[in-house]
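A.B. asks: For the sequence shown, the numbering used here begins at 22 and goes up steadily by one.
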Amino acid sequence: MFVDEAGFYLLPALVRTYAPIGETPLLRVPLTWDHLSVISAITPAGDLYLRMQEEAFKGPAIVRFLKHLLCHLPGKLLVIWDGLPAHHGAAVREFLAQGGTQRIHLERLPGYAPDLNPDEGIWRYLKGVELRNVCCHDLTHLRLELRKAVARLRHKPDVIQACFSHALPD
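Okay, here's the thing in structure tokens:
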């Protein structure tokens, strides 16, 4: 499975829309940098696992996500992710040393090729399709809209699988 993190801000992802000539639609939202940090994992079978929180993902939160994956998926797991410093920090190393390596193996993508991670396609899809032009006035509303968008995406395994075919070379 591939793992990645992203931020979702209150400011909407603006995309083109239809409107009568001369009546440009206006989106009104508070100007703020408040955001939700989201981590997800996708499988070639089209499964999506996701957690969100208001602060950036650091070592302990990443370990909680790895444990979440271990609870929901049987057998051994191969996790492929980028070189975020928290991915190889003390909390993750301690988790692996305390027996995490029995079921989980971590591989790092090269730093020069972030587009090799199919999970990047999930972020593009959520922001550009499911949440396009969605205006949220607080983090509670954003969390609700994001949960609904993720629920819709989970019912579209073909979209998740398409992220793999788009990211991985033949």
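Quick reminder that beta carbons are idealized off the backbone N, C-alpha and C, glycines included.
Using only the alpha-carbon positions, how far apart do glycine 149 and leucine 94 sit?
C.D. replies: In a straight line, the C-alpha of glycine 149 is about 29 Å away from that of leucine 94.
A.B. asks: Alpha carbon to alpha carbon, how far is leucine 32 from leucine 152?
C.D. replies: For leucine 32 and leucine 152, the distance between alpha carbons rounds to 11 Å.
A.B. asks: Identify, in the order they occur along the chain, each residue of the same chain with its Cβ nearer than 8 Å to the Cβ of glycine 43, setting aside the five sequence neighbours on each side.
C.D. replies: Closer than 8 Å at the Cβ level, and outside the excluded window around glycine 43, lies no residue.
A.B. asks: Tell me whether alanine 66 sits in a helix, a strand or coil according to DSSP, three-state version.
C.D. replies: Three-state result, alanine 66: coil.
A.B. asks: Look at the alpha carbon of arginine 72 and the alpha carbon of glycine 132, and state the distance between them as a whole number of angstroms.
C.D. replies: Their backbone Cα atoms lie some 24 Å apart in a straight line.
A.B. asks: Where does the unbroken beta strand (DSSP E) through aspartate 25 begin, and where does it stop?
C.D. replies: 23 to 30 is the span of the beta strand (DSSP E), which, as asked, contains aspartate 25.
A.B. asks: Going by DSSP in three states, isoleucine 181 sits in which element: helix, strand or coil?
C.D. replies: Three-state DSSP puts isoleucine 181 in a helix.
A.B. asks: Within this structure, are the beta carbons of isoleucine 101 and phenylalanine 23 separated by less than 8 Å?
C.D. replies: Taking 8 Å as the Cβ cut-off, isoleucine 101 and phenylalanine 23 qualify as a contacting pair.
A.B. asks: I'd like to confirm the pairing. Which residues does DSSP put opposite glutamate 76 in its beta bridges?
C.D. replies: For glutamate 76, which the question treats as bridged, DSSP gives no partner whatsoever.
A.B. asks: In the DSSP assignment, find the alpha helix (DSSP H) that holds tryptophan 144 and state where it starts and stops.
C.D. replies: Note, tryptophan 144: alpha helix (DSSP H), 140 to 146.
A.B. asks: Span of the alpha helix (DSSP H) holding arginine 129?
C.D. replies: Where arginine 129 is concerned, there is no enclosing alpha helix (DSSP H), although the beta strand (DSSP E) it sits in stretches over 125 to 129.
A.B. asks: When you compare only the Cα positions, how much space is there between arginine 164 and arginine 85?
C.D. replies: Computed Cα separation, rounded: 19 Å.
A.B. asks: Might you give, ordered along the chain, the residues of its own chain that have their beta carbon closer than 6 Å to the beta carbon of histidine 108, omitting 5 neighbours on each side?
C.D. replies: Correct list, in chain order: Trp102.
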